[in-house]
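According to my numbering, numbering within the sequence shown proceeds without interruption in unit steps and concludes at 184.
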Amino acid sequence: SLDLVPSTRIGNRAFRNRGDLTFTDASQDWGLGSPVNSNGAAYADLDGDGDLDLVVNNLDEPAGIHENHADRLGNHHLRVRLRPMDGRTAWGAQVTVRTKSGEQYQELSPVRGYQGCVEPVLHFGLGSDDRVEEVIVDWPGRGALGTTRLTSPTVDTTLVVDQRSAVPYTAPPPPPPPLFRDTD
């Protein structure tokens, strides 16, 4: 019966990553503290400015759309769209982005909760780095499908990576014969 459905309206929570494995509650600052009954969220760059905006599904009222203004800080980003040879989504593809500040890694898995999904594009926030040294894509699937390596792609854009550009994995050489053998 409907009286068993949670009805207490509470504010949603959002946390700012402090960069040292700790987080600060930013719910009020980011406009998410108003009491509401929410069930699910998705994120995407809705306005094309390079940062991820948030859409929150609310019960008995319109969805909440929260615009991210991080682009005003002058930070950079790189979006990576993968095109596998079979034309499907490249589920499980592993992407590493290297900049002077370090490496970021993501695996493509766009599912978010029950019947939820986000855009199957990987978004890398680059902060003040205005250059990407290398993007490495390890393609998923059966067998040795390979790796794609791209150097110095343009930042603040969507990089489309086609699996046909992958270099096949090579098997490691067989181990050398043993130097010793059992004797009686």
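The beta-carbon is built from N, C-alpha and C at its ideal position, and this holds for glycine as well. Computed from a prediction, not measured in an experiment: that's the story for all the values here.
CB contact flag (residue i, residue j, <8 Å)
| i | j | result |
| --- | --- | --- |
| A200 | L32 | This structure gives no information on residue 200, because the portion of the chain shown stretches from 1 to 184. |
| N57 | N39 | yes |
| L52 | H66 | no |
| L159 | R79 | yes |
| V121 | R81 | yes |
Between the CA atoms of residue j and residue i - distance to the nearest angstrom
| i | j | result |
| --- | --- | --- |
| D156 | G50 | 7 Å |
| Q163 | R83 | 6 Å |
| E134 | H76 | 15 Å |
| E119 | R181 | 57 Å |
| Q94 | G146 | 11 Å |
| P178 | D184 | 17 Å |
| Q104 | S34 | 33 Å |
| N190 | A171 | Past the edges of the chain, shown from 1 to 184, lies residue 190, and the structure says nothing about it. |
| D71 | Q28 | 20 Å |
| I136 | V167 | 11 Å |
Cβ-based neighbour list, residue i, same chain, cut-off 7 Å, excluding 5 preceding and 5 following
| i | result |
| --- | --- |
| W91 | L108, S109 and P140 |
Residues near residue i in its chain [Cβ-Cβ closer than 8 Å; skip 5 each side]
| i | result |
| --- | --- |
| D60 | N37 |
| R18 | T24 |
| D130 | H76 and V155 |
8 Å Cβ cutoff, residue i in contact with chain C
| i | result |
| --- | --- |
| A42 | Absent from the structure is chain C; it holds one protein chain and no more. |
Residue burial classification, residue i (beta-carbon count within 10 angstroms, cutoff 16)
| i | result |
| --- | --- |
| L73 | exposed |
| T151 | exposed |
| V111 | exposed |
| A63 | exposed |
| T8 | exposed |
Cβ neighbours of residue i in the same chain (closer than 6 Å, five flanking residues each side left out)
| i | result |
| --- | --- |
| W30 | A14 |
| Q106 | V95 and L122 |
| D138 | Q94 and T147 |
| G116 | G40 |
Presumed contact (8 Å Cβ cut-off) between residue i and residue j, rounded CB distance
| i | j | result |
| --- | --- | --- |
| G127 | S101 | 7 Å |
| V132 | V161 | Wrong, their Cβ atoms sit about 13 Å apart, outside the cutoff. |
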